[in-house]
Structures are given as structure tokens and as C-alpha cells.
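Everything in the sequence shown is counted per our numbering, starting at 8 for the first residue and increasing by one.
Each residue gets a CB set at the ideal place from its N, CA and C atoms; glycine is no exception.
The structure presented is a predicted model; accordingly, all values stated were derived computationally and were not measured.
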Amino acid sequence: MCLDIYWISLLVLVPLVAFVTGRDFIIRPFHKKLVEKPMTWTPDEDARKFRWTFLQVYLVVMGSEWLQGPYLFSLFRNEKGLDEATIATLYICTYVSAAISAFFTGYVTDRFGRRAACLVFCGIHSLASASVCFDKLEVLILGRILSGIGLTLLWTAFESWMIAEYNARGLDQSSLQLSNMFGIMTTYNCITAILAGVSGHCIVLALGSKTDPFMVGLALDLCVAILMLYTWNENRGLSTSSKGTADVHDEEAIRTQASVDSDQAMALASLTDVRVWVLSFITCCFEGTIFLLMFFWPGTLQEAHDRDHPESRDAIPHGVIFAAFMAIMVLGALLFNYLTTNSGGRGKGHLVRFFNPTRLLSIALLLSAVSFLVAALTSTESHLFGAFLLLEACNGIYVPSVAYHRGVIVNEAGRASVYGLMNIPLFIFVVVALWSTGGSREDHRQIVFILCAALLLAAALMSSFGLDMARSPAGFSEVAQTNAEDVKAEVDGDAVEVSDMG
8 MCLDIYWISL LVLVPLVAFV TGRDFIIRPF HKKLVEKPMT WTPDEDARKF
58 RWTFLQVYLV VMGSEWLQGP YLFSLFRNEK GLDEATIATL YICTYVSAAI
108 SAFFTGYVTD RFGRRAACLV FCGIHSLASA SVCFDKLEVL ILGRILSGIG
158 LTLLWTAFES WMIAEYNARG LDQSSLQLSN MFGIMTTYNC ITAILAGVSG
208 HCIVLALGSK TDPFMVGLAL DLCVAILMLY TWNENRGLST SSKGTADVHD
258 EEAIRTQASV DSDQAMALAS LTDVRVWVLS FITCCFEGTI FLLMFFWPGT
308 LQEAHDRDHP ESRDAIPHGV IFAAFMAIMV LGALLFNYLT TNSGGRGKGH
358 LVRFFNPTRL LSIALLLSAV SFLVAALTST ESHLFGAFLL LEACNGIYVP
408 SVAYHRGVIV NEAGRASVYG LMNIPLFIFV VVALWSTGGS REDHRQIVFI
458 LCAALLLAAA LMSSFGLDMA RSPAGFSEVA QTNAEDVKAE VDGDAVEVSD
508 MG
């Protein structure tokens, strides 16, 4: 069958991911027993309970999002009959809404409660999912606006609740470090994406419409909201009860204001570091082009399939392709972890020194440029799919690489503020790029892919010469203790960000 390339790729990649990750989980406990004393004290039991309490909600929420992402473009294009310019406008509504809401959702979340914000996300996301059942453009636009607000909450509220709850429970005294928790979130999030991709394909196959994954996602949102009400407690970042007259409240307010002022000063100090803006440029180029890939790949592969197999008018299996993308992205991240973890003797030490995070970032950007160039110059279905797979493997290397550099370059105080400013060029890039995707020329996608390749080549050069960590004040020598799990501390938010088109 002419669609075998997608299924074969998935059936090869998924067992490979299972083998690599399974081998790591099996060996790790034995390795720890050899090098350190097992920790058997009570905080570990609390940590395990907390981990399950959070992940059972978080992964269902992400599963709802992953179910829908691969079918959004195809739903608008094939079932709604919208042209690419109109679809681009709908995507623009999502990201403009996300950009605008990013200015106030963080404050509102801290002020009124993180669990409340997560519940609001479930409601907003459900309404956005329901909007695809209607054919009126106004309703679809409203759904995309709601989706953008939900996207901002997804990136901030759940992680904020988890960090605050982790600290409130004193779990830093347990063996579950916060960096480990982010690593666990990343690993299981990718696995959830793979399962959701395959499940979405089966849902469409069984029920016959690309709106059905959105309806299943809506049901998951409602179920997880109920689960959250029974298993999560509320936490806030800003005090809402300041009517007490005790002096201690005044002292606390003074300390809080001093802390805020200090954070703002540290944020401004970070902005004077040229590497922050180099990293912002790199993020804009790579993640912006990945957004364009998510917009273009369904139509590109479908047209290539129809061209290579004119006798067969089968639709490409979007969920299977998405699952394959996620699987090879996991392998890219695992390759990064292997190359940057010094735990294999003298030979491995030389390898780690050669493949430092900056060099790996430059290599990933360069290979991504090559992938887009191949996609621009070929029209064969298998070659296009191979180029996209290579691009997603580079994505897996890019995410922890950038997370590492952000962790080293940006000061801890004012980190969220700086991250927000760093994302502004990305939002502008996505909106402008999507606004220009409605070209009617036959070679329009080819031109876009060539421009993406040029941007990534420029980003590769910038990373090579602008992120000289070895000579920086906070270079590799100061973070020699950073292991693979520490690098993962920023990965999860980025993985959503660069893959999510819901």
C-alpha cells in the first residue's frame, strides 16, 4: 500500500524509543545503588504521591491538545473547504490572542489562583474545541481566539501550580528534584503525544470525521476539570487578603515589594547581555520555522502523495505522521542527553567536551536548514517525509540545547519577565509569516521553505559566534555539574510551544 512509509516509520521508531527509554529506566536504579546510598525517608513517599497527583491531570490535558493538533489544518482545508489564506487568518487569530493574553494571564493566574486558572483553561479549551463543529467563519475565529488564550494558560498555569505546590510541600528535601520533575513531564508528554497521534488516527478512521478528535478532547477537558477539583488544592502567587492590621503584614508587604524591585533590576541586567538577544533571535528563527512546518506539512505531504500515486486518492494518516514526528523528536532529545552526560569513562568525556550544548545547537540549526532546503527542492513524497523527520530530530536536540543556554545566560531573578520579552520576536514572526502564507503561486511553499533554510543558516552562524559559552562569565566551567535531567528543566514548555498548533 502506498501509505506504508508512514506506518513503517512509526513501527520502527516507537519500539526504538521504547527500547532506549526502557533501557535507561531499567539500568538507572542499579547504577544509583552502586554510586550512592538509597534514600528511604518519608519525603520520597510524599514526592511520589505529588508526582502522580500532578501527572494524571497534566498528561490528560496534554493528550487532549495532542489529539487535535494534527487535524486542525486538514479540518479547515478539507472538511470546511477554506482556502489557505483564510486558514492562515485563523492561525493568526490564535497567536495574536496568545500574545495579547500573555500580558495579563500571568498576573491573573497568580492573583486568583493557579488551580482556578487551570480550570478556566479546561473551559476555554472545551469551547474552542466545540467551535469546529460550526461552519460559520465568525464562530471559527472566536474559537481560535479562545484557543490562543487557552494556549497561554497551558504554558503558564499548570507549570506554576506544580512549582508552587512542590515548594509548599517541601519536596526539595526528597529525592525528587524539581529538574527531575520537569524531565519526567517531558518524557511522558512526548509519549502521550505519540499515543494521541495514533489514537486520533483511529478515531478519525472509526468515526469518519476530523472533528471527532476535537470532541474527544472536549470530553477529556471536562473529565480532567472534575479530577482537578477533587485532587488539587489551590495556590496563589500574590496575596489576596491584606486587610489584617498586624505589623507583620506590613513587614511582609515591604519584603515582597523589595523582592519585586530586585527581580525587576535583575531582569534589566539580563537584558544588557547580548547573548540574551542572540538567543532570542535563534528562538525566533527556529521556532518560527517550526510553526510554519506545522502549518505546511499536511498539505505538502498530501499533494506529494496525490502526485506520486494518482491512482490512489487516499488521505495521508495525519495522526500516524504526527506520532512519527514525536517519536523521532524523543530520539533527538535522548541523543542530546547521551552526548552531554559525562558517565561513560575517558572516551565519553572527550565526546562530551566536543559535543557541548552550543555546538549541538549549531549542528541542529544547520541540519534543520538542510532539511528545509531538501523539502524545497524535492517533490517526492518519501523525500519530503524524510526531510521532515530529520527536522523533527533536530527539534529534539534544539529544545534541551536552548533550555540549557537560557538556564545559564538568564538570571534566576526576573527569569519569567525576560522569557516573556524574548518571545515577543517569535510571536511577531509567526503572525507576519502566517499573514504571508496565502500566496497563490505554485512555487509559494518552495519559496517559504528556502526562506526558512536561510533563516536557520543565519541562526546557526549566530549560535556559533554569538553564544561563546566557554568565554562567558557563566560558561561551561561553572555548570559542569549540569546533567541531562537538569537540562530538561526548561524542555517541557518548549516542547509544547514548538509542536502545538491547537
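For the alpha helix (DSSP H) containing residue i, list its first residue and its last residue.
{"i": "residue 91", "result": "91-119"}
{"i": "residue 347", "result": "325-347"}
{"i": "residue 165", "result": "144-175"}
{"i": "residue 236", "result": "219-238"}
{"i": "residue 372", "result": "364-384"}
{"i": "residue 464", "result": "451-473"}
Determine the burial state of residue i: buried for a count of at least 16 other Cβ atoms within 10 Å of its Cβ, exposed for fewer.
{"i": "residue 196", "result": "buried"}
{"i": "residue 468", "result": "exposed"}
{"i": "residue 212", "result": "exposed"}
{"i": "residue 238", "result": "exposed"}
{"i": "residue 311", "result": "buried"}
{"i": "residue 402", "result": "buried"}
{"i": "residue 75", "result": "buried"}
{"i": "residue 281", "result": "exposed"}
{"i": "residue 470", "result": "buried"}
{"i": "residue 114", "result": "exposed"}
{"i": "residue 3", "result": "No information on residue 3 is available, as it lies outside the stretch 8 to 509 that the chain covers here."}
{"i": "residue 442", "result": "exposed"}
{"i": "residue 11", "result": "exposed"}
{"i": "residue 365", "result": "buried"}
{"i": "residue 63", "result": "exposed"}
{"i": "residue 514", "result": "With the chain covering 8 to 509 only, the question about residue 514 has no answer from this structure."}
{"i": "residue 179", "result": "exposed"}
{"i": "residue 452", "result": "buried"}
{"i": "residue 91", "result": "buried"}
{"i": "residue 59", "result": "exposed"}
{"i": "residue 431", "result": "exposed"}
{"i": "residue 230", "result": "exposed"}
{"i": "residue 383", "result": "buried"}
{"i": "residue 127", "result": "buried"}
{"i": "residue 204", "result": "buried"}
Quick one: what does DSSP say residue i is sitting in, helix, strand or coil?
{"i": "residue 316", "result": "coil"}
{"i": "residue 537", "result": "Nothing can be reported for residue 537, as the shown portion of the chain is limited to 8 through 509."}
{"i": "residue 496", "result": "Low per-residue confidence applies at residue 496: pLDDT is 45, beneath 50, and the placement is therefore not dependable enough to give any value."}
{"i": "residue 290", "result": "helix"}
{"i": "residue 130", "result": "helix"}
{"i": "residue 183", "result": "coil"}
{"i": "residue 88", "result": "coil"}
{"i": "residue 296", "result": "helix"}
{"i": "residue 241", "result": "coil"}
{"i": "residue 481", "result": "Only weak support exists for where residue 481 lies, its pLDDT of 40 falling under 50; the coordinates are left without a value."}
{"i": "residue 81", "result": "helix"}
{"i": "residue 440", "result": "helix"}
{"i": "residue 394", "result": "helix"}
{"i": "residue 71", "result": "helix"}
{"i": "residue 123", "result": "helix"}
{"i": "residue 216", "result": "coil"}
{"i": "residue 307", "result": "helix"}
{"i": "residue 51", "result": "helix"}
{"i": "residue 280", "result": "coil"}
{"i": "residue 387", "result": "coil"}
{"i": "residue 1", "result": "A question about residue 1 goes unanswered here, because the residues of the chain that appear run from 8 up to 509."}
{"i": "residue 322", "result": "coil"}
Less than 8 Å between the CB atoms is what I'm expecting for residue i and residue j, so what's the real figure, rounded?
{"i": "residue 168", "j": "residue 242", "result": "6 Å"}
{"i": "residue 159", "j": "residue 109", "result": "5 Å"}
{"i": "residue 299", "j": "residue 146", "result": "In fact, because the Cβ distance is near 26 Å, the residues do not count as touching under 8 Å."}
{"i": "residue 279", "j": "residue 429", "result": "At roughly 14 Å, the Cβ-Cβ gap does not stay under 8 Å, so residue 279 and residue 429 are not in contact."}
{"i": "residue 106", "j": "residue 434", "result": "4 Å"}
{"i": "residue 20", "j": "residue 340", "result": "Not a contact, Cβ separation roughly 13 Å."}
Does the beta carbon of residue i sit closer than 8 Å to a beta carbon anywhere in chain B?
{"i": "residue 105", "result": "Considering every chain present, this structure includes no chain B. It has just one protein chain."}
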